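In my numbering, the protein residues as written are 62 to 398. We put the beta carbon where it would ideally sit given N, CA and C, even for glycine. Note that the coordinates shown come from a computational prediction; the quantities given were computed from them, not determined experimentally.
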Amino acid sequence: MALINMKDLLAHAKQHKYAVGAFNITNLDFVDHIMDAAVESNSPVIMQLAEVHFRYLNLEDIAPILINAAKNVSVPVCIHLDHGKSLKTMIRAIRAGFTSIMYDGSEHPLEENIKNTAEVVKIAHSVGVSVEGELGNVGGEAVGVEAATPHTASEEFYTRVEDAVRFNDETGLDTLAISIGNVHGLYKGDPKLDFARLTAIRDAVDIPLVLHGGSGISDDDFKKAVSLGICKINFYTGISQAAMIKVHKFIQEHPKSISYPDLAKLAMSELKKVVMDRMDVFGSKGQCAADKTLCITCSDTSCGLDDPRIKPEAKTVVYQDLVDKISLEVLNNLNQK
Ligand code: 13P
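Quick look at the structure:
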């Protein structure tokens, strides 16, 4: 099985200078096709569900499906809560078996964001779950709002280096989402990322950095951002849009069709193509070894294997495993009595 938390996953990405794509799922077809894309690309992947998308997928219903899908593939898969807004949502995700959660306190004043994030970190770390926080504020539409209007980033909400240092020191979080000109949804004009700010933040804090609002950023800018320390890239609007373009085309070409599966198949194969293409651009393609190599979390170099790619079976002990283990022990004890 290949369920992994974000901390371990991104430690490898940071060391080897690539970024792992984090793709939002809004229906079951997305799960299958993103997973297929990861397996075919030999790439680690982050499957994430945003709180704003609970209206499409119920967290407790989708969690076992995601966990099973992850356990059935050999590439490392992190199951992540995207833009969680309350402690209650954090606890729900942890209980459901997510290996990573994002507490997005970016709309709160810094002190409150620090206080809340630190509390989430304390709880999540006690069960091996990683935490992403956000500092500054990534603007644009809330992820996945229909009929999105294009946005530009507002400099007043960019992440400040000195705040990032405090945030990192005082919360102990695992990954940090930053605002450097990126916005969610469609960009108005070409996005202009503040690479000098990215470099300064990277030099000031040691944890992996996250770029939200991936859709619309050019391949060259992605590569530059990754070379400067971005280890996770959130990408959603682009896959939804690519699928919809195919839907429009199909309906135009087959106005009388009554076959929904044919339409869905076409749309999802386009989504998979875009995901595979992103994995290539982000540099995560081919990062998983086809056979046994060094374990991602292993510091034992005496085994003689020196392939730096991720071992397919790399895994972290997560809450769900502990629950399974303890339940089994209880059952065994009961049976012996
Ligand atoms: P896009 O939809 O703009 O790609 O952003 C996705 C995202 O950042 C999810 O948190």
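*Using a threshold of 8 Å, state whether the C-beta atoms of Cys349 and Val136 are closer than that.*
yes
*With DSSP run on the structure shown, which of helix, strand or coil describes Gly158?*
coil
*For Gln348, name the three-state secondary structure that DSSP assigns.*
coil
*Are the Cβ atoms of His212 and Gly242 separated by less than 8 Å?*
No, these two residues do not count as a Cβ contact at 8 Å.
_Paired residues, beta bridge with Asn229 - DSSP_ = DSSP lists no partner for Asn229.
*By how many angstroms is the C-alpha of Asn198 removed from the C-alpha of Thr220?*
Inter-residue distance for Thr220 and Asn198 is about 7 Å (C-alpha atoms, whole angstroms).
*Use the C-beta contact count for Asp281: other C-beta atoms within 10 angstroms, 16 or more gives buried, fewer gives exposed.*
By the 10 Å Cβ count, Asp281 comes out exposed.
*Is it a yes or a no for the segment 301 to 318 touching the segment 216 to 236, going by three-plus beta-carbon pairs under 8 Å?*
no
*With 16 as the cutoff for other CB atoms within 10 Å, does Ile306 come out buried or exposed?*
exposed
_Could you check whether the segment 89 to 104 touches the segment 332 to 349, counting it as contact only if at least three pairs of C-beta atoms, one from each stretch, sit closer than 8 Å?_
Judged by pairs of C-beta atoms under 8 Å, the segment 89 to 104 touches the segment 332 to 349, as three or more such pairs exist.
*Report yes or no: do three or more beta-carbon pairs, one from the segment 294 to 304 and one from the segment 321 to 335, lie closer than 8 Å?*
Yes: at least three Cβ pairs fall under 8 Å.
_With 16 other Cβ atoms within 10 Å as the buried cut-off, status of Asp69_ = buried
*Simplified DSSP state of Ala131, which is helix, strand or coil*: helix
_Quick check: what's the CA-CA separation for Gly277 versus Leu392?_
Taken atom to atom, the span from the alpha-carbon of Gly277 to that of Leu392 is near 52 Å.
*asked:* Give me the DSSP bridge partner(s) of Ala98.
replied: The partner list for Ala98 (beta bridge, DSSP) is empty, contrary to what the question assumes.
_Quick check on the DSSP output: the beta strand (DSSP E) that includes Gly295 runs from which residue to which?_
For clarity, residue 295 is Asn in the given sequence; the question names Gly instead. Asn295 -> beta strand (DSSP E) spans Ile291 to Phe296.
*State the Cα-Cα distance for the pair Met67 and Asn85, rounded to the nearest angstrom.*
Roughly 15 Å separates the two Cα atoms.
_8 Å contact criterion, which Ala214 and Leu196 should meet: CB distance rounded_ = Going by Cβ atoms, the distance from Ala214 to Leu196 rounds to 14 Å, so no, they are not a contact pair.
*Work out the CA separation of Gly82 and Val138 for me, nearest whole Å.*
11 Å
*Is Tyr297 near ligand 1, judged by its Cβ being under 7 Å from some heavy atom?*
yes
*For the 8 Å Cβ check, are there 3 or more pairs between the segment 87 to 101 and the segment 125 to 132?*
yes
_Any non-hydrogen atom of ligand 1 closer than 7 Å to Asp143 Cβ_ = yes
*State yes or no: is the C-beta of His186 within less than 8 Å of the C-beta of Ser161?*
no
*Helix, strand or coil for Asn177 per DSSP?*
Asn177: helix per DSSP, three-state reduction.
*Rounded C-alpha distance that separates Glu180 from Phe228*: 13 Å
*asked:* Starting from Ala72, trace the alpha helix (DSSP H) in both directions and tell me its first and last residue.
replied: Met67 to His77
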